[in-house]
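Contents: one structure, followed by commentary.
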Amino acid sequence: MAAPQTFYATHSPLTDPGKHAALLAHLPTDIASVSHITQGLIYHYMMGAYVTGYQSPPERQGEIDTRTMERILGRLSAMDPRPLTAPRGFADRMVGCCRDFALLTCAILRQAGQPARLRYGFADYFEPGYWIDHVIVETWDGATWQRFDPQMHDTPMYAAANIAPHLMTHFLPGGAAWDLCRAGQAEPARFGLGSAMPQLSGWPFIRSRLMLDAAALTKREMLCWDQWGLGNDQGDVLAAKDEALFDQLATLTGADASEVLRALFITDSRIQVPQTVTCYSPAVGPHDVTLTL
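Numbering (my numbering), first residue to last: 3 to 295.
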């Protein structure tokens, strides 16, 4: 039987560069270099203006709903046909979010045959006292999964706080957040989009991130604002059988159990990614999306 990590050494339909594969050829794959490349290609639709002072035009906000690496690379190439390592201005970067930094990083690593996967969860280094919705990357170093944040790696704030060596404690995947709150060791209201948007926090938000993380571990790297099945339930309290399912998901996402997760996503309609999901896009608002991958 192949080692579990080998599953993540090949592309998913979402990380596959398709006709733009040549753009990812021969790129460096060490954490510092791949993070630097990604940071020069993606411009965060919310944080970017606070960090750089540049605000992407409103008509480009829809780029944050771009699902596939093939389309992201196509857009980047259309704006600037030079190699991805060439410096480019903010206006020539793809407007995206943490998921897009992570997806591009994962695509670069998988293109080189290096196991990598996205993790959806919460980081504690954006606002004191809060765990903020975030997506990072894990890559296999030959012995264990190494966790890193390609969006923030080596940025002044991140470096000053010495986050990188301790990311295992500064980032919680959705399942770890679920377990912590279930045990009464953390307040669900502290998990979400922070003090500015308290309505986007709590148990429903934690459950949706757990489902996104579980989906990513089956190589379905969804948009951060996609919801389906039990992830669309906005109540604080679930039926006992549904809570038990989330307990199971939390356990499986905390281990290398991709085969079991894949089987569960195929057989259990409560979490199975359907053909149509609800996309709560910050750019265009809630709408149904029919998936083609």
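Where is the CB? At the ideal position from N, CA and C, for every residue including glycine.
From a predicted model like this one, the values you see are computed outputs, not experimental measurements.
Inset, instruction - Look at the alpha carbon of His28 and the alpha carbon of Pro190, and state the distance between them as a whole number of angstroms. - result: 43 Å
Legend entry - Cβ neighbour criterion (16 or more within 10 Å) applied to Gly194: buried
Legend entry - Where Gln63 sits in the DSSP three-state scheme: helix
Legend entry - Beta-carbon proximity of Cys100 to Gln153, cut-off 7 Å: yes
Inset, instruction - Kindly examine the ligand SAH and report whether one of its heavy atoms sits closer than 6 Å to the Cβ of Ala285. - result: Summarising the ligand content, the structure contains no ligands, and the ligand SAH is consequently not present.
Legend entry - At least 3 beta-carbon pairs within less than 8 Å: the stretch 86-95 vs the stretch 140-150: no
Inset, instruction - Please state if the CB of Thr255 and the CB of Asp215 are separated by a distance shorter than 7 Å. - result: yes
Legend entry - Status (buried if at least 16 other CB within 10 Å, exposed otherwise) for Leu295: exposed
Inset, instruction - Name the one or two DSSP bridge partners that Pro175 has. - result: Gly123
Inset, instruction - Could you tell me which residues DSSP puts in a beta bridge with His46? - result: Gly98
Legend entry - Boundaries of the alpha helix (DSSP H) in which Ile33 is found, first to last residue: 33-41
Inset, instruction - Tell me where the alpha helix (DSSP H) around Arg264 begins and ends. - result: 260-269
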